[in-house]
Structures are given as C-alpha cells and as structure tokens.
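Residue numbers (the working numbering), protein chains in the order written: chain W, 1 to 630; chain Y, 1001 to 1070.
Backbone N, C-alpha and C fix where the C-beta goes; we use that ideal spot for every residue, glycine too.
Owing to the predicted nature of the structure, the values given are computational and were not obtained by experimental measurement.
Down below is the structure, laid out as structure tokens.
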Amino acid sequence: MPAKAGERHRQGQSGPSGGKAVPPRPAKAVSKKRDEDVSTEAGEGVDEWVAAKTLVKPPDQLELTEAELKEEFTRILTANNPHAPQNIIRYSFKERAYKPISYVDQMAIHFSLNGNMILKDSDEGRRQSIKLSTAAKKAPVETSAITSEEAEIKGEESTEDTQPAGEEEAERSGTAEVADAAEAEEPPPPSVKEQKLANQFNFIERASRTLNNPMRERACQSEPTPCKNFSATANQWKIYDAYVEELQKMERSKEKEKPKAQIAKREEEEKKKGRKLTSLESQSDDINKISKAAKIMERMVNQNTFDDIAQDFKYFEDASDEYRDQQGTLLPLWKFQYDKTKRLAVTAISWNPKYKDLFAVGYGSYDFMKQGQGMLLLYTMKNPSFPEYVFSSESGIMCLDFHNDHPYLVAVGFYDGNVAIYNLKKATSQPSYKSSAKSGKHTEPVWQVKWQKDDMDNNLNFFSVSSDGRIVSWTLVKNELVHTDVIKLSVEGTTMQGPEGLQLQTLGCGTSFDFHKKIDYLFLVGTEEGKIYKAHVFDLSINKYEALCTQLVVAKKKNKITHIQFNPVYPVVIIGDERGHVTSLKLSPNLRRMPKEKKGQEVKRGPEVEIAKLEKLLNLVREPESKAEK
Amino acid sequence: GIPIRTTLDNSTTVQYAGLLHQLTMKARSTVRDIDPQNDLTFLRIRSKKHEIMVAPDKDYLLIVIQNPCE
C-alpha cells in the first residue's frame, strides 16, 4: 500500500523535472502492477485513504475465526540466515571421523558487485592520474566524441518517449557538440603513437645465445721415461779411482797409436817388476781366483801360529849380552822344511837382493855316491810353512845366485856340470835357460855361479867355476846360453906329457870365486888345493863354520851345517843342514857388531875399512888354510 | 755378499759374510779417505774366542776364523 503512494508521488515529480527517461518505465510497470493488485479500485491516486478502510478479501484467503485472528504472533527479527543449514557435518581426516561443525556461517550475500575504483594515492592510482594528465588533450576530444554519441542515442530515445524533454536535451547537447566539434576539427589529430604500457605483466625478455661448438678433448701421453734410483757416496778415493781409470784409458789409447815403441817399453817394465807382482789372470777355477787373497791369508795365519816367533824376531833383544864381551847368542826363530827335501842336503843359500825376507835354498847332495834329484826352493820369512817357489831338477843343485838387478833371475849350477837360469816370474818349474853338453857345460860339478853386470849388448851374463878347472862365462844371447871359457886353471908345475904328445895341463879344481867390487874383471878363485889366484884375499869356503859363535845350533839333530848366510838387513842368519832343514836364527846385539863376511853382500861401511878388517881375518885364517881342507 | 765356498754351516756363513762385508767396506773407505792411493790389504779382528781375518780382493772376500794359540 505505501508503495503505491510512493510511486505516484514519483510520477508527479517527474513531470516538472523532465529529466530522465527511466522513471517512465517503472511508472509503466508500477501502473501495471497496480492494475493487477487492486482491481476493484475505482479512482487513481485519490482513493488511497478510502481504499484502506474497506477490506477486500480475495477469494482464496484462509478462513480464520476471530479468536484466531486476534492471536498475536510474535516475530523476532534475528540476524540468522534462514537459508543457512543448521548443522553441518564434515569428515575430519585427522581424526578419521565425522564431526559436526559448531559454528555455521550465517552470512548471506544478497548482492555483490566487483568495483573498479582504485585508491587515488596507491601506485596504480598515481600512475593512472599521470597518464590522464599527459593525455589531457586527447581526452576531451574523445570524451566529447563519446558524449556526442551518447547524446545522439539519448536524443533518439527521448524523441520516442517524451519529446519536449528530449528536445531540450538534444538542443543543449547539440550546441555543446557543435562547439566541441569546432574545436576538434581545427588541431590535427595528435600522433597516434602511444606510450607502451610497460608493467610487470607485460615484461618481455629478449635474449640470444651464440652457438657453442662442442668441446672435444684430445690428449696423448708418452711413455714415462724409465727411472732408476741410484745412490752412492762420493768419497775422495772414488774420485781418485775415476781419475786413475781415466788415466789408464788415455794410456791405452796412446798405445794403440804407437804400438812398437810402447811394446818395447812394456817389456822393460815387466822385467823390472818384482816377482810379487805376478798376476794370475784368466783363472776359471774358484780356488785360483782367490789366490792372491789366499796368499795373504796364509801368511797371516802363519803369523798367528808362529806369533811368538814373529814377536821375537821383531822385538826380542837379549839383555844378557851386556855381560858377555864379544860373544853373543843366537836365538832360534823359524824352521823351514819341506817334505820333498827331507832327504836332500842344503847345498846353497842366498838372500834375494831386493826382497829382504826372501831367500833361495838349493838342495842336492854332497855325497858322491848318492846323487839324486835336486830342488830349488824359495822361502820367505813371512811364511815359514811352505815355500813360495819350488823348482825341481834332475841333478842336485850345487850353487845358486840371484841377479842383483833382476831379482827374479836365479842362476844355479848343478852337480852334473850344467848351469841354468830360473825365472821366478814365470810359473813353470823348469828353468828358463839351461846349458847342455852341446853348449859347453862343465864336466865336473859346478861349485859356484855368479852374475855379472850386463855386457855391452845388454845381455845377461854370469860366470861359473867348476872342478874341471874351467871358469866359463855364460851369456844369454837370444834366449840361449852361450859359453865362453874365460880361464882354464892350470896347476903350476904339473904339466904332464900326454900319450900323444899333447901337453895336458892338469886343471886345478876351482871351488869358489868372487869378484872385486869395483873392478869388474878382477876376481879371485879359490881352489881345492888351497890356492887362491890373483889376490891375497881368502875366500871363505863353503864348508866352513862360522867361527864367531860357538853356540851349536843344530847339535841336537846331529846334523852338519852346510851353509850359512847373513841377511843384509835383518839381524838374522839362516843355516842349512844336511837334512834339508833350514833354520833361521836371530843374532844377539853383540854379534851384530861384527862385520859381515860373505861374498857379494853389501856392507854399509866403506871398502877400505872392510879391507882392513879382512886383512885381520886373513891372518887368523891363513894358518888353518895351510893345513888342509876339511 | 753371496758365499761361494764355506766350511761352516750355511746360516753362520751368511751371517759372517754379510757383517764382515760391511765392515770391510767401511774399513776400506776409511783407509782410502785418508790417502786415496792407499788400499786395504788385510783386516784382522781379535776377540776373546777367535780371531777373524779378512783378506779383501777386487771381487771377493776371503774370511778365515782361527782359534788363537794363546
């Protein structure tokens, strides 16, 4: 009811305003609706109050009693949403059960409209206001164009419904339109270009990428150089060794350049080397390889075994000599013996001029009836157990001599009259050079051999004297012994008439001889008859005892001493006996003071003194000489 | 070193060879350090029970063990 009133009021107002076209429409609808509802209404608008008094019942209205009509029904206005459910049950996965939700949302949304209003102070708002200000010129043109279009539409509509209202409006819009159009036509339309709207949503990224070639690795590895660890200590002697080797290499290369001269030189060098430097190379046997070391060892072992003797040899001085005038003692030292010489007698002893501990012993037999083999042994004091060198021969050796300059050459004279030269550097047990019947050997035993200085052709030569009365000089020429008879001893006054008228001279038997130290060609010969030729120096015969010491050395063995020799350096004397033993004795200090009286030995004192002493001795010895030989 | 010939049992030989070789080298080095022209010819070690003698050579060693007479 009040709604009707409101609508009518509106309609009345719209007339004077003459504004909008909208009200006429709802006016229509309202009027239609009114027509339906109030069908029995008589008048329009005036009958409002009258209609309220008279109740008009529709035909299908519920029939109620008056009591029921007076019943008051209370209506409470709540905020509950009648459409909202009263109980909502939801399944809770956590508790795995249906659970009622206690609070049900009662909000009912009647109307929702998404607005497009932006806050003026926000970012977006500011941006848009800036945009609007910059495009202000365009805007009125556009808006005016738009409004003009709208106006035209409105104009059309207004003409349809209410002409007077519409015309007025059209006129106003038209005037505005004309004014605007005039403005619009004058300036040319501004550049169509618009600023691009760059926002976060329209961000475009442009990138490009070059084409990368695929990487390929190519490698090659060489074989590692073989490494070898080497460690050594550089000592002074290693450096020295290297130098020496280098030197030897150089020498060898020089030799190859000049073969002839060098060979000759080497030969000389070899000759001058002593016998101890013999090298035994190219030995395949193990034992022979260690021969050098074995030799040293053998000597050392001997030194140990004969330790006390060695000590005595070196250091023992007989203190009791102080109490004895002119008489001394002989201290026995080593004994040298060899199996094979047990039956032989020592026939010759000689010291080596170069190596003071080396001596040679010749073995043979003095017995005319028993003539057997001979041996030549060389011993050294360092090794009393075994001889250093062993040479055997067919006939007994009677005498021997070392060469002064070549201490490895030994000249021996045999019982059968031969002479031979042994070379100690060579390993053979046979003599290097031997005389024979053809080459003029003696017919009687050779009693003495003696080396001479090299002759003018640098050939070695030596002399030998024998019972056959000949003194022969042997020269080593081209590896052969050439003999030259030097002297034939003849007994004075015994020339006999031979059977065929030849004068035979009975030759005297030379037994020993010696040479003058200074004058080479002067020598003395002693003979069996007791005569000495050429000088008055008496030569000690080999079968004499030393008269200086009365101590009987080998009396226990009941041997006869056959030879004795002094050592020029050490106070040692070696004595050979008939049994083949050689004993060495040390001279006590008293005895050392005596001059040495052996042939061919070097004496430190001057020859004049020696001559004087010998004269003295001569006087002593002359008398026994005249008696007879032993 | 390696023993070539021996009259003792193997283990003792090997022991002697090894130990004495080192000692000989040391001794030789000592001698030659003092004078390079010198060289070791013989080495003798005397102990209470034995005497050990070593003769070195270019390629080998000769070792002798002796019971002293004293």
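- Pairing Ser393/W with Val449/W, the inter-Cα distance amounts to about 17 Å.
- Under the DSSP assignment, Ser392/W falls in the beta strand (DSSP E) whose first and last residues are 389-393.
- A check of alpha carbon separations from Phe336/W across Glu71/W, Val572/W, Pro384/W identifies Pro384/W as the nearest.
- Secondary structure note for Glu1051/Y: its beta strand (DSSP E) is the uninterrupted segment 1051-1056.
- The straight-line gap separating the alpha-carbon atoms of Ile575/W and Ser584/W is approximately 6 Å.
- Taking C-beta atoms as the reference points, Ile397/W and Thr347/W count as a pair closer than 7 Å.
- Per DSSP, the beta bridge partners of Asp401/W are Ala411/W.
- When secondary structure is reduced to three states using DSSP, Ile1065/Y falls in the strand class.
- The beta-carbon distance between Leu1040/Y and Val1031/Y, rounded to whole angstroms, is 5 Å. This is short enough to meet the 8 Å contact definition.
- Distance from the CA of Tyr379/W to the CA of His581/W, rounded to the nearest whole angstrom, comes to 12 Å.
- Among the residues facing chain W, Met1025/Y is not included, as its CB has no counterpart in that chain under 7 Å away.
- Apart from sequence neighbours up to five positions away, the residues of its chain that approach Ala310/W with a beta-carbon distance below 6 Å are Gln303, ordered along the chain.
- Pro353/W places its beta carbon less than 7 Å from that of Pro407/W.
- Counting the other Cβ atoms within 10 Å of the Cβ of Phe306/W gives 16 or more, which makes it buried.
- The beta carbon of Trp334/W does not come within 7 Å of any beta carbon belonging to chain Y, so the residue lies off that interface.
- Chain-order list of chain Y residues neighbouring Met381/W: empty, with the shortest C-beta distance near 17 Å, by a criterion of under 8 Å.
- Taking a beta-carbon distance threshold of 7 Å, Arg1046/Y does not count as an interface residue toward chain W.
- Contact with chain W is found for Ser1029/Y, since one of that chain's Cβ atoms lies less than 7 Å from the residue's Cβ.
- Taken through DSSP and simplified to helix, strand or coil, Phe1042/Y comes out as coil.
- From the beta-carbon of Ala1055/Y, the residues of chain W found nearer than 9 Å are Ile290, Lys292, Ala293, Ala294, Lys295, Ile296, Met297, Met300.
- Around the Cβ of Asp468/W, a 10 Å sphere holds 16 or more other Cβ atoms; the residue is buried.
- Among the residues facing chain W, Val1014/Y is not included, as its CB has no counterpart in that chain under 7 Å away.
- Taking 7 Å as the threshold, the shortest C-beta distance from Trp447/W to chain Y does not fall below it.
- Residue-level contact check: Gln236/W touches chain Y, since one or more beta carbons of chain Y fall below 7 Å from its beta carbon.
- With respect to Ser464/W, Val419/W sits close: the two C-beta atoms are nearer than 7 Å.
- Under the 7 Å criterion on CB atoms, Leu1062/Y is classed as interfacial with respect to chain W.
- One alpha carbon belongs to Ala293/W, the other to Met456/W, and they sit about 42 Å apart.
- A straight-line Cα-Cα distance of about 10 Å links Asp357/W and Val572/W.
- According to the DSSP assignment, Val1031/Y belongs to the alpha helix (DSSP H) that extends over 1010-1034.
- Per DSSP, Tyr422/W is one residue of the beta strand (DSSP E) stretching across 419-423.
- At a cut-off of 7 Å between beta-carbon atoms, Pro1036/Y makes contact with chain W.
- With respect to Leu333/W, Tyr389/W sits apart: the two C-beta atoms are not nearer than 7 Å.
- No residue range can be given for Ala108/W, since it is assigned to no alpha helix (DSSP H) and is classified by DSSP as neither H nor E.
- Where Gly362/W is concerned, the enclosing beta strand (DSSP E) starts and stops at 358-364.
- Sorting Ala411/W, Met297/W, Leu460/W, Asp416/W by C-alpha distance to the C-alpha of Lys441/W places Asp416/W at the top.
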